[in-house]
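*Asks:* Protein chains in written order, with our numbering: chain H, 2 to 162; chain L, 2 to 162.
Number of protein chains: 2
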Amino acid sequence: MNAMTWLTEEQQATWRAFLHATTLLEDHLDRQLQRDAHMPHMYYALLSTLSETPARRMRMTELAEQAKITRSRLSHAVARLEGNGWVRRENCPTDRRGQVCVLTDAGYAELERTAPGHVAAVRTAVFDRLTAEQTRQLGDISRIIADGLHQPDGADVPWLR
Amino acid sequence: MNAMTWLTEEQQATWRAFLHATTLLEDHLDRQLQRDAHMPHMYYALLSTLSETPARRMRMTELAEQAKITRSRLSHAVARLEGNGWVRRENCPTDRRGQVCVLTDAGYAELERTAPGHVAAVRTAVFDRLTAEQTRQLGDISRIIADGLHQPDGADVPWLR
DNA sequence: AGGCCTTTATTGAAGGTTCAAGAAGTGGCT
DNA sequence: AGCCACTTCTTGAACCTTCAATAAAGGCCT
Numbered sequence: 002m003n004a005m006t007w008l009t010e011e012q013q014a015t016w017r018a019f020l021h022a023t024t025l026l027e028d029h030l031d032r033q034l035q036r037d038a039h040m041p042h043m044y045y046a047l048l049s050t051l052s053e054t055p056a057r058r059m060r061m062t063e064l065a066e067q068a069k070i071t072r073s074r075l076s077h078a079v080a081r082l083e084g085n086g087w088v089r090r091e092n093c094p095t096d097r098r099g100q101v102c103v104l105t106d107a108g109y110a111e112l113e114r115t116a117p118g119h120v121a122a123v124r125t126a127v128f129d130r131l132t133a134e135q136t137r138q139l140g141d142i143s144r145i146i147a148d149g150l151h152q153p154d155g156a157d158v159p160w161l162r
Numbered sequence: 002m003n004a005m006t007w008l009t010e011e012q013q014a015t016w017r018a019f020l021h022a023t024t025l026l027e028d029h030l031d032r033q034l035q036r037d038a039h040m041p042h043m044y045y046a047l048l049s050t051l052s053e054t055p056a057r058r059m060r061m062t063e064l065a066e067q068a069k070i071t072r073s074r075l076s077h078a079v080a081r082l083e084g085n086g087w088v089r090r091e092n093c094p095t096d097r098r099g100q101v102c103v104l105t106d107a108g109y110a111e112l113e114r115t116a117p118g119h120v121a122a123v124r125t126a127v128f129d130r131l132t133a134e135q136t137r138q139l140g141d142i143s144r145i146i147a148d149g150l151h152q153p154d155g156a157d158v159p160w161l162r
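1. Does the segment 140-149 of chain L come close enough to the segment 6-18 of chain H that 3 or more CB-CB pairs lie under 8 Å?
2. Would you call GLU111(L) buried or exposed, if buried means 16 or more other Cβ atoms sit within 10 Å of its Cβ?
3. Going by Cα to Cα distance, which pick from LEU150(H), ARG124(H), LEU51(H) and PRO94(H) is closest to ARG130(L)?
4. Could you tell me whether the Cβ of HIS11(H) comes closer than 8 Å to any Cβ of chain L?
5. According to DSSP, is LEU104(H) part of a helix, a strand, or is it coil?
6. Throw me the rounded Cβ distance for the ALA38(H) and ALA68(H) pair, which I believe falls under 8 Å.
7. Which value, in whole angstroms, describes the spacing of the CA atoms of THR136(L) and THR6(L)?
8. Check the C-beta distance from LEU8(H) over to VAL103(L) and give it rounded, since I have them as a contact under 8 Å.
9. What number of angstroms, rounded off, separates the C-alpha of HIS42(H) from the C-alpha of ARG60(L)?
10. With DSSP collapsed to three states, give me the class of MET40(H).
11. One question on the structure: do LEU139(H) and PHE19(L) come within less than 8 Å of each other, judged by their Cβ atoms?
12. HIS151(L) touches chain H at which residues, Cβ-Cβ below 9 Å?
13. From ALA126(H) to LEU26(H), what does the alpha carbon distance come to, in whole angstroms?
14. Exposed or buried, ARG90(L), counting other C-beta atoms within 10 Å across all chains shown (16 or more means buried)?
15. Identify the contact partners of ALA14(L) in chain H, using a Cβ-Cβ distance below 8 Å as the criterion.
16. For LEU51(H) and chain L, any beta-carbon pair shorter than 8 Å?
17. Have a look at ALA133(H) and GLY118(H) and give me their C-alpha separation to the nearest angstrom.
18. Where does the unbroken beta strand (DSSP E) through ARG97(L) begin, and where does it stop?
19. Pick out the complete beta strand (DSSP E) segments inside the segment 27-80 of chain H, 3 residues or longer, and give them in chain order.
20. For ALA107(H), which residues of its own chain have a beta-carbon under 7 Å away from its beta-carbon, when the five flanking residues on both sides are left out?
21. Hey, quick one: how far does the alpha helix (DSSP H) through LEU150(H) stretch, first residue to last?
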């Protein structure tokens, strides 16, 4: 129980609060999207990411990297979204191993339909409650944590396969 | 696409960074615990919560509330942890509907064995990278978000069943 | 060309979570 | 006591994620 092993009181309190906030927030947004768009938050994020690319399309691997998920998870997700008609796969013209995930018109329409409600949920749960400075702070802190995990310096394993 | 419906540039950037950070962090900690303790992060959190109570025991409903999960999820989790011998159920003496979840000696030992590694992972990924002030800020922000979701003021539905 | 290692993407099984439904007990009311 | 609404906890099915294994193609080297 020495200082190397444990957290300070304040770190413990912060960690607990952080876990509570993220657990509740994830649940809340998953429920909101499941109710209004019949998909979990991550699937919505995939459609959203695709919608912001030039031709609403992206290579599978790049999409997985952007979304911070494994290729495997993405494969399953895209299979489901394809079943819904919101996305389709095309062969990559420059790499015959590759697949390009394309947002369909129906997928774009679904996004247009559900985006306002989702954004409102995010604002209500998060940004309406934070000051401009806290928003900036949360951005800074999030970038620090994400950067630290993206290329772990003492990288032991390829941690995202 | 008006101001009521969308986020500012900075809010969008913050939201994206936040989602990246939490997705990567969850994955990272789940992997760390799966590797070292053969359980997901949430299960570890349940054992940890129990270990901090007076007699290492808690009513199911209270445990679910502390962990911010549904009773159903807790039931499944406790069934698994009970199978591992880390937890056991006892009948509640004052309410015959109730169950008390008790951390066993084996469960406590498992926690003692794996806690240092887990805490180290949390420190490396989070607190070692943040200033003392950022830690305070993250705590404040997390508490605001968690409070907002715990008792939604314009409560539409019982959002945690 | 051939051989070998890497990269890309998918698959199926095992395990975790959600949702709706249900069994059982509590507490208040008449 | 009987009734009714609510609380507690569990269950099984559907869905999502993880993990290890696999197929197929690229790229480098000789």
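For glycine and all other residues, C-beta sits at the position ideal for the given N, C-alpha and C. Bear in mind the structure is a predicted one, so any value in this text is a computation, not a measurement.
*Replies:* Checking against the coordinates, here is how it stands:
1. yes
2. By 1-based counting over the second sequence, the position of residue 111(L) is 110. Buried.
3. Against the second sequence, residue 130(L) aligns to sequence position 129. Checking every option, the nearest Cα to that of ARG130(L) belongs to LEU150(H).
4. By 1-based counting over the first sequence, the position of residue 11(H) is 10. According to the sequence provided, residue 11(H) is Glu. The question's His does not apply to it. Yes, because at least one Cβ of chain L sits closer than 8 Å to the Cβ of GLU11(H).
5. By one-based count along the first sequence, residue 104(H) stands at place 103. Three-state result, LEU104(H): strand.
6. Against the first sequence, residue 38(H) aligns to sequence position 37. Against the first sequence, residue 68(H) aligns to sequence position 67. With 8 Å as the limit, ALA38(H) and ALA68(H) do not qualify as a contact, their Cβ atoms being about 17 Å apart.
7. Walking along the second sequence from the start, residue 136(L) turns up at place 135. Walking along the second sequence from the start, residue 6(L) turns up at place 5. Using only the alpha carbons, I get a separation of about 31 Å.
8. The count along the first sequence starts at 1 and reaches residue 8(H) at position 7. The count along the second sequence starts at 1 and reaches residue 103(L) at position 102. Incorrect: roughly 26 Å between the Cβ atoms, too far for contact.
9. For the purposes of this step, residue 42(H) is identified with residue 41 of the first sequence, where counting begins at 1. For the purposes of this step, residue 60(L) is identified with residue 59 of the second sequence, where counting begins at 1. HIS42(H) and ARG60(L): Cα-Cα distance of roughly 31 Å.
10. Looking up residue 40(H) in the first sequence gives position 39. Of the three classes helix, strand and coil, the one that applies to MET40(H) here is coil, per DSSP.
11. The sequence position of residue 139(H) within the first sequence is 138, counting from 1. The sequence position of residue 19(L) within the second sequence is 18, counting from 1. Contact flag set, yes.
12. Counting from one through the second sequence, the residue named residue 151(L) turns up at place 150. Neighbours of HIS151(L) on chain H, chain order: HIS21 and LEU25.
13. Residue mapping note: residue 126(H) aligns to position 125 of the first sequence, counting from 1. Residue mapping note: residue 26(H) aligns to position 25 of the first sequence, counting from 1. Approximately 8 Å, taken between the alpha carbons.
14. Stepping through the second sequence from its first residue, residue 90(L) is reached at position 89. Exposed, since its Cβ has fewer than 16 Cβ neighbours within 10 Å.
15. By one-based count along the second sequence, residue 14(L) stands at place 13. Chain H residues near ALA14(L): GLY140.
16. For the purposes of this step, residue 51(H) is taken as the residue at position 50 of the first sequence. So no, LEU51(H) is outside the interface.
17. Here residue 133(H) refers to the residue found at position 132 when the first sequence is read from its first residue. Here residue 118(H) refers to the residue found at position 117 when the first sequence is read from its first residue. Distance between the alpha carbons of ALA133(H) and GLY118(H): 22 Å.
18. Counted from its first residue, the second sequence places residue 97(L) at position 96. Premise fails: ARG97(L) is in no beta strand (DSSP E) and is neither H nor E.
19. 58-60
20. As a position in the first sequence, residue 107(H) is number 106, starting the count at 1. Within the same chain, ALA107(H) has close Cβ partners GLY86 and TRP87.
21. Within the first sequence, numbered from 1, the residue matching residue 150(H) stands at position 149. Looking at the DSSP string, the run of the alpha helix (DSSP H) that includes LEU150(H) is 133-151.
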